[in-house]
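Working notes, beginning with the structure itself.
In the UniProt record's numbering, the protein residues as written are 1 to 173.
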């Protein structure tokens with residue numbers, strides 16, 4: 001099975017030829033060079049491939065995309081608000097090294113508790129970044145901020161944290 005990584009969502013139809021605006025969290029201006037396929041999650045855990053006909057930069061977190069088979073504004077409008085995913089190889093090529101999204105798949109190690117799990121999702125909030133990790137079968141949202149982040153070991157793909165006392169107890173109780 002392929003690993004799919006969430007990069008954002010389609011936020012608007014653009015023009016009359018079925019173009020869309022993709023809001024992404026790749027951490028850099030990108031025209032998705034080298035990417036042939038984007039996967040849209042039209043139903044939960046059902047990733048439908050769409051071939052990318054063309055893409056261009058709009059700004060730091062938006063790109064214009066034209067998907068094969070989407071040839072009218074009406075067809076594009078039906079895809080607005082659809083989550084967009086990439087396969088792991090494309091994701092790693094397109095993500096800026098400093099982007100929080102680049103931490104997907106990293107192991108989380110807490111100073112007190114040891115290894116907690118794998119980062120399954122990175123949630124960017126206005127004031128902080130959260131890492132979604134499944135610990136003992138329960139979902140936990142861990143803060144990635146100046147107070148909790150000790151270091152990021154990119155070579156070994158480990159995020160070292162020092163979590164506030166009692167935070168894990170809330171999730172594991």
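We put the CB at the ideal spot given by N, CA and C, even for glycine.
No experiment lies behind these values; they were computed from the predicted model shown.
Where residue i sits in the DSSP three-state scheme
{"i": "residue 89", "result": "helix"}
{"i": "residue 146", "result": "coil"}
{"i": "residue 19", "result": "strand"}
{"i": "residue 12", "result": "strand"}
{"i": "residue 34", "result": "coil"}
{"i": "residue 163", "result": "coil"}
{"i": "residue 126", "result": "coil"}
{"i": "residue 79", "result": "coil"}
{"i": "residue 6", "result": "strand"}
{"i": "residue 116", "result": "strand"}
{"i": "residue 141", "result": "strand"}
{"i": "residue 168", "result": "helix"}
{"i": "residue 157", "result": "coil"}
Contact check, residue i vs residue j, beta carbons under 9 angstroms
{"i": "residue 21", "j": "residue 91", "result": "no"}
{"i": "residue 111", "j": "residue 150", "result": "yes"}
{"i": "residue 61", "j": "residue 109", "result": "no"}
{"i": "residue 40", "j": "residue 51", "result": "no"}
{"i": "residue 107", "j": "residue 159", "result": "yes"}
{"i": "residue 87", "j": "residue 3", "result": "yes"}
{"i": "residue 105", "j": "residue 123", "result": "no"}
{"i": "residue 135", "j": "residue 103", "result": "no"}
{"i": "residue 8", "j": "residue 99", "result": "no"}
{"i": "residue 133", "j": "residue 117", "result": "yes"}
{"i": "residue 49", "j": "residue 38", "result": "yes"}
{"i": "residue 143", "j": "residue 168", "result": "no"}
{"i": "residue 175", "j": "residue 97", "result": "Only positions 1 to 173 of the chain appear in the structure, and residue 175 is not among them; the question remains open."}
Supposed close pair residue i, residue j - CB separation, criterion 8 angstroms
{"i": "residue 165", "j": "residue 6", "result": "No, residue 165 and residue 6 are not in contact; Cβ-Cβ is about 31 angstroms, not under 8 angstroms."}
{"i": "residue 19", "j": "residue 58", "result": "The Cβ separation is near 11 angstroms, so there is no contact."}
{"i": "residue 131", "j": "residue 171", "result": "No, residue 131 and residue 171 are not in contact; Cβ-Cβ is about 12 angstroms, not under 8 angstroms."}
{"i": "residue 73", "j": "residue 16", "result": "5 angstroms"}
Limits of the unbroken alpha helix (DSSP H) element including residue i
{"i": "residue 68", "result": "Note, residue 68: premise wrong, no alpha helix (DSSP H); not H, not E."}
Run of the beta strand (DSSP E) containing residue i, from where it starts to where it stops
{"i": "residue 40", "result": "37-43"}
{"i": "residue 108", "result": "107-110"}
{"i": "residue 52", "result": "46-59"}
Could you tell me whether the stretch 71-80 touches the stretch 12-20, using the rule of 3 or more Cβ pairs below 8 angstroms?
-> yes
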